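I have placed the structure first, in the form of structure tokens, so that the comments after it can refer back to it.
Number of protein chains: 2
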Amino acid sequence: MATRGRVTIRDVAARADVSVATVSRVLSGRHRVPPATRSRVLRAARTLGYVANVHARALAGGGRKLVAVVLRQVTSPFYAQVAEGVEAEAAAQGWLCLVGATGGDPRRETEVIQLMREEGARVVILVGGIVETPAYRKRVTHYAEVLDAAGSRLVLCGRPSPDPDLPALVVEFDNEAGARAATTHLLSAGHRRIAFLGGLPGNTAMDARVAGYRAALAAHGLPPEAAHVVDCGLGRTAGLHATTALLADGPRFTAVFAGDDMVAAGILRAVADAGLSVPDDLSVVGYNDIPLAKDFHPPLTTVRTPAEELGRAAVSLALRDPRETPGTRHVLATHIVIRDSVGPPRPITCGDTHGGHHPV
Amino acid sequence: MATRGRVTIRDVAARADVSVATVSRVLSGRHRVPPATRSRVLRAARTLGYVANVHARALAGGGRKLVAVVLRQVTSPFYAQVAEGVEAEAAAQGWLCLVGATGGDPRRETEVIQLMREEGARVVILVGGIVETPAYRKRVTHYAEVLDAAGSRLVLCGRPSPDPDLPALVVEFDNEAGARAATTHLLSAGHRRIAFLGGLPGNTAMDARVAGYRAALAAHGLPPEAAHVVDCGLGRTAGLHATTALLADGPRFTAVFAGDDMVAAGILRAVADAGLSVPDDLSVVGYNDIPLAKDFHPPLTTVRTPAEELGRAAVSLALRDPRETPGTRHVLATHIVIRDSVGPPRPITCGDTHGGHHPV
DNA sequence: TTGAAAGCGCTAACAA
DNA sequence: TTGTTAGCGCTTTCAA
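Protein chains in written order, with full-length UniProt numbering: chain R, 1 to 360; chain B, 1 to 360.
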């Protein structure tokens with residue numbers, strides 16, 4: 001080990017008494033080199049503890065196989081699963097995966113994408129629903145254009161493309177159908193007074209779920225006023241507070257459809273804190289089926305959105321020949337997972353005229 | 001945008017009608033450049049959508065600010081939090097963070113570390129307890145040496161250093177103290193027949209917890225036989241199966257100390273499936289205080305190990321002057337979070353001679 | 001089969 | 001203040 005610091009290909013070449021070109025050829029494995037030379041080089045590399053410098057390699061070889069995922073936060077179970085799917089599929093195809101978190105801040109998002117471009121990512125995957133503002137459209141249009149100009153691909157996961165002609169792939173779940181199924185499940189159990197908790201007006205994913213919820217209600221012959229959407233946003237705390245407020249309002253609903261499982265976690269907590277029971281006093285349906293949903297109390301009936309598959313699909317689609325899939329939109333199916341948080345609505349306790357009051 | 005493909009510094013220089021050196025100077029921000037020239041360069045860069053090539057930059061400038069975290073899996077809440085802490089602290093100091101998952105496979109670990117070396121990581125953080133075999137000691141010694149030779153630093157989080165003189169930093173929780181506190185909490189509540197579920201013999205973290213458990217028992221004047229350690233390993237499923245087996249054995253324990261919160265999740269499920277109740281029939285204590293622990297049923301009493309802080313500490317320690325902290329070991333404190341999964345032991349139902357049989 | 005040499009895009013002397 | 005130029009470590013023609 002000549003100097004402290006990095007061992008270079010030149011050190012290996014000197015040690016094996018060959019040229020750097022030969023070392024490179026042996027190491028790349030893409031050339032036929034006589035076994036004797038080959039093993040001499042390999043031995044030299046090993047004894048010196050040589051590792052190739054990716055930067056030099058990328059610079060000389062024209063980039064590297066790198067896919068980048070950009071998401072809100074890695075500690076959210078759903079996003080973590082998407083990231084795992086991306087990583088798995090990328091690894092399977094011999095690509096490296098870089099993940100960046102934005103915390104939901106558009107400025108940070110732009111920075112992270114800038115970073116990914118600097119790193120030479122050939123695929124950039126943006127994950128998660130957003131509020132589709134003009135600023136968003138402009139931002140994404142810009143990403144798509146610069147990425148495309150550099151020969152990279154942009155994949156939008158669970159968020160819309162501002163323009164179908166933009167060089168971007170869209171992969172998403174059918175949120176509306178999922179919400180419709182969940183609501184229908186509640187309706188089939190006999191519920192008619194169902195609230196939706198976790199609306200986030202403008203957020204494309206949540207809006208689609210709300211639309212599905214309304215559609216199911218309508219399909220069941222209920223008037224539009226039957227829908228009650230609480231725009232409390234996402235997260236456990238939001239669900240907790242919104243439910244507490246709802247309960248304080250008196251018994252109005254027999255079931256609640258949560259915008260996602262974390263909201264559902266908050267709902268369950270609030271119901272328990274109020275001394276009530278799920279599903280006896282209130283039925284609850286979640287969304288996403290995070291790993292711990294089956295450990296909620298009671299185990300949560302929810303809509304399964306195969307997050308890992310979303311990640312895998314994003315990568316495999318992006319890695320196909322661009323000419324096969326120009327600006328295409330891919331929709332992944334979801335299905336409802338029935339566990340124990342839904343029961344029949346509580347029997348009518350006080351006779352009133354329009355269907356009875358039930359707890360909540 | 002001259003050609004399709006990457007815009008280089010030369011394109012920007014041509015467009016702004018200056019030399020590449022000037023562009024580099026403007027972009028680095030470390031040199032005084034007249035405002036006029038400066039803005040001309042900036043404008044050119046912007047209109048061309050220029051992003052610097054990290055590879056070229058790293059190659060010419062001698063590396064980059066990169067810290068790498070290597071962990072078992074990112075979907076585990078605990079690891080995810082550690083990763084988030086690392087990312088946050090790295091970002092705060094202007095460093096980039098690369099995370100790699102090994103799935104617990106030593107071969108994969110070696111590969112990932114090789115990759116991080118190739119990427120030029122100047123700090124490599126290995127997270128998570130392991131079984132300290134001779135192979136492990138050899139592997140880590142090797143990592144420490146090659147990393148040190150390249151001027152990088154190795155940080156071991158929650159795992160021991162094979163040799164205090166090795167150029168490696170160790171940051172960990174005081175697992176033994178945490179387990180002692182948890183066990184003492186159970187003892188104070190009146191429990192005497194406490195099982196430990198989730199042992200993983202040889203795993204340094206779990207062994208320390210078991211040691212703390214035994215120590216607390218002994219400090220309370222209980223004989224060594226009072227300890228009952230089930231080496232079922234970690235994970236929800238392990239906890240579920242082990243508990244089911246334990247329950248089938250008949251009532252022998254009044255409390256269970258889970259190796260971590262996911263094991264506790266399994267335990268709670270098994271208890272519920274058996275038609276029993278926590279804490280009425282069995283008290284349960286977890287370890288780690290993952291975000292959803294408060295949503296378990298009942299909310300889980302557990303030992304809080306500030307995972308994010310572990311990550312932050314690893315980075316900030318590693319980024320200090322190496323001469324200040326040579327081969328040092330840092331221990332982070334933990335504390336118990338009391339929620340609702342611990343109650344008094346169930347009153348004796350069948351009079352027997354040695355303290356009574358209780359459910360489980 | 002092997003080696004010499006020309007870059008890849010950038011930074012940092014060194015000159016002007 | 002600005003430009004010229006020599007590398008950084010590697011891959012890849014092109015020659016031998």
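Cβ atoms here follow ideal geometry from the backbone N, Cα and C, with glycine treated the same way. For clarity, every value in this text was computed on a predicted model and none was experimentally measured.
| Query | Result |
| --- | --- |
| Stretch pair the region 336-344 of chain R + the region 112-120 of chain R: three plus CB contacts closer than 8 Å | no |
| Same chain only: Cβ atoms within 6 Å of residue 367 of chain B, ignoring 5 sequence neighbours per side | Look at the range of chain B in this structure, 1 to 360, and you will see that residue 367 of chain B is not part of it. |
| Span separating the alpha-carbon of Ala242 of chain R from that of Pro251 of chain B | 42 Å |
| Glu225 of chain B burial status per 10 Å Cβ neighbour count (16 or more: buried) | exposed |
| C-beta neighbour in chain R for Gly120 of chain B, strict 9 Å | yes |
| CB contact check: Pro162 of chain R to chain B, cutoff 9 Å | no |
| His297 of chain B versus Thr254 of chain R - alpha carbon distance | 22 Å |
| Chain B contact for Leu268 of chain R (CB, 9 Å cutoff) | yes |
| Cα-Cα separation, Ser161 of chain B to Val170 of chain B | 7 Å |
| Bounding residues of the beta strand (DSSP E) (the contiguous stretch that carries Val210 of chain B) | Looking at the DSSP string, Val210 of chain B is not in any beta strand (DSSP E); the run it does join, the alpha helix (DSSP H), is Thr204 to Ala219. |
| Counted within 10 angstroms of its Cβ, other Cβ atoms place Pro306 of chain B as buried (16 or more) or exposed | buried |
| Through-space distance from Gly103 of chain B to Ala149 of chain R, alpha-carbon basis | 37 Å |
| Sub-9 Å separation of Leu268 of chain R and Val285 of chain R beta-carbons | no |
| Beta-bridge pairing of Asn288 of chain B - partner residues as DSSP gives them | B:Arg304 |
| Beta-carbon proximity check, His191 of chain B vs Ser283 of chain B, cutoff 9 Å | yes |
| Chain B contact residues for Arg6 of chain R, given Cβ-Cβ distances below 7 Å | Ala150 |
| CA-to-CA distance, Leu154 of chain R to Ala314 of chain R, given in whole angstroms | 10 Å |
| Interface residues of the region 278-311 of chain B facing chain R [CB-CB below 7 Å] | Leu292, Asp295, Phe296 and His297 |
| Outcome for Arg346 of chain R when other beta-carbon atoms lying within 10 angstroms are tallied against a minimum of 16 | buried |
| Contact set for Leu186 of chain R: own chain, Cβ-Cβ below 7 Å, skip 5 residues either direction | Ile194, Ala255, Phe257, Ser283, Val285 and Val342 |
| CB contact below 9 Å: Gly49 of chain B versus chain R | yes |
| Nearest-angstrom Cα separation, counted from Ala90 of chain R out to Pro106 of chain B | 20 Å |
| Closer than 9 Å to chain B by CB, Leu96 of chain R | yes |
| Contact with chain R by Leu71 of chain B, beta-carbon distance below 9 Å | no |
| CB contact check: His191 of chain R to chain B, cutoff 9 Å | no |
| N- and C-terminal bounds of the alpha helix (DSSP H) containing Ile113 of chain B | Pro106 to Glu119 |
| Touching by the beta-carbon criterion (3+ pairs, under 8 Å), the region 50-67 of chain R and the region 7-16 of chain R | yes |
| Extent of the continuous beta strand (DSSP E) to which Ile130 of chain R belongs | First-last for Ile130 of chain R: undefined, no H or E at that position. |
| Cβ-based burial, Val41 of chain R [other Cβ within 10 Å; buried from 16] | buried |
| Residues near Ala92 of chain R in its chain [Cβ-Cβ closer than 8 Å; skip 5 each side] | none |
| Proximal residues, the region 88-118 of chain B versus chain R, C-beta separation under 8 Å | Leu96, Leu98, Val99, Ala101, Gln114, Leu115, Arg117 and Glu118 |
| Residue from R:Ala144, R:Ala219 and R:Asn288 with nearest C-alpha to Ser76 of chain R | R:Asn288 |
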